[in-house]
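Participant:
Numbering (the numbering used here), first residue to last: 946 to 1126.
Okay, here's the thing in structure tokens:
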């Protein structure tokens, strides 16, 4: 439910300075319901539907042509025919870019601490430099990591393999030999 005017969202003892980060989520109330879905997700679903369903059908008058329209393409380059830009467009939506940006910002510091503890790891500074060199979308490897509340060997081994590959990538970036050791 949304916050109401005058609601307390945090309390700290008077005179103490405590850092607080707020990441407000903007929701939209669906008429006639008590649901407050995240606005960015709702807009992304609407934009995806328009891009992949409505516009292609309106233009072609037939079932969905392939490939689907991209979510974005470079418009700063002049072209004789804008259709030539479509194949080079990206299917990644603004909502996904935003999600990737927030996820990467949260995970970069944690990954330094995790990878540096592995055997044959580069230094924390080298790992940090490698992570900073990656785009938010390049950190997609993080999506392969799965959380487990109990010891599940297949998940643990999968996570270890992903982290090992990340360690090796950081070693290669730092100019250290990558031999899988």
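Ideal Cβ placement from N, Cα and C applies to all residues, glycine included.
(1) Buried or exposed for residue 1067, please, with buried defined as at least 16 other CB atoms from any protein chain shown within 10 angstroms of its CB.
(2) Rounded to whole angstroms, what's the CA-CA distance from residue 1100 to residue 1107? Just pull it up for me.
(3) Using CA atoms only, rank isn't needed, just tell me which of 970, 954, 974, 1112 is closest to residue 1047.
(4) Going by DSSP, name the residue or residues bridged to residue 972.
(5) Does residue 1017 come out as helix, strand or coil in the three-state DSSP assignment?
(6) Could you tell me the alpha carbon to alpha carbon distance between residue 1037 and residue 993, rounded to whole angstroms?
(7) Helix, strand or coil, according to DSSP, for residue 1079 in the structure here?
(8) Drop a sphere of 10 angstroms on the beta-carbon of residue 980, count the other beta-carbons inside from all chains shown, and report buried for 16 or more, exposed for fewer.
(9) What does the Cβ neighbour count give for residue 1071, buried or exposed, with the cut at 16 atoms within 10 Å?
(10) What separation, rounded to the nearest whole angstrom, lies between the Cα atoms of residue 968 and residue 1025?
(11) Helix or strand or just coil, what does DSSP make of residue 1090?
(12) Determine whether the beta carbon atoms of residue 1081 and residue 1040 lie at a separation below 7 Å.
(13) Going by alpha carbons, who is nearest to residue 1001 out of 988, 1015, 989, 990?
Facilitator: In short, the structure shows the following:
(1) By 1-based counting over the chain shown, the position of residue 1067 is 122. Per the 10 Å Cβ criterion, buried.
(2) Taking the first residue of the chain shown as position 1, residue 1100 is located at position 155. Taking the first residue of the chain shown as position 1, residue 1107 is located at position 162. Put simply, the backbone Cα of residue 1100 is about 11 Å away from that of residue 1107.
(3) Here residue 1047 refers to the residue found at position 102 of the chain shown. With distances taken between CA atoms, residue 1047 lies nearest to 970 out of 970, 954, 974, 1112.
(4) Position 27 of the chain shown holds residue 972. BP columns for residue 972 point to 983.
(5) Position 72 of the chain shown, counted from the start, is the residue given in the question as residue 1017. Annotated three-state conformation of residue 1017 is strand, per DSSP.
(6) Residue mapping note: residue 1037 aligns to position 92 of the chain shown, counting from 1. Residue mapping note: residue 993 aligns to position 48 of the chain shown, counting from 1. Each residue's CA atom was taken as its position, placing residue 1037 and residue 993 some 10 Å apart.
(7) On the chain shown, residue 1079 is found 134 positions in, with the first residue counted as 1. Three-state DSSP puts residue 1079 in coil, outside helix and strand.
(8) As a working mapping, residue 980 is identified with position 35 in the chain shown. Label assigned to residue 980: exposed.
(9) To locate residue 1071, count along the chain shown from 1; it is residue 126. Classification of residue 1071: buried, given that the 10 Å Cβ count is 16 or more.
(10) As a position in the chain shown, residue 968 is number 23, starting the count at 1. As a position in the chain shown, residue 1025 is number 80, starting the count at 1. Roughly 43 Å between the two C-alpha positions.
(11) As a first step, residue 1090 is located in the chain shown; it is residue number 145 there, counting from the start. Under the three-state reduction of DSSP output, residue 1090 falls in the coil class, being neither helix nor strand.
(12) The residue labelled residue 1081 in the question sits at position 136 within the chain shown. The residue labelled residue 1040 in the question sits at position 95 within the chain shown. Contact: no.
(13) In the chain shown, counting from the first residue as 1, residue 1001 sits at position 56. If you compare the alpha carbons of 988, 1015, 989, 990 with that of residue 1001, the shortest gap goes to 1015.
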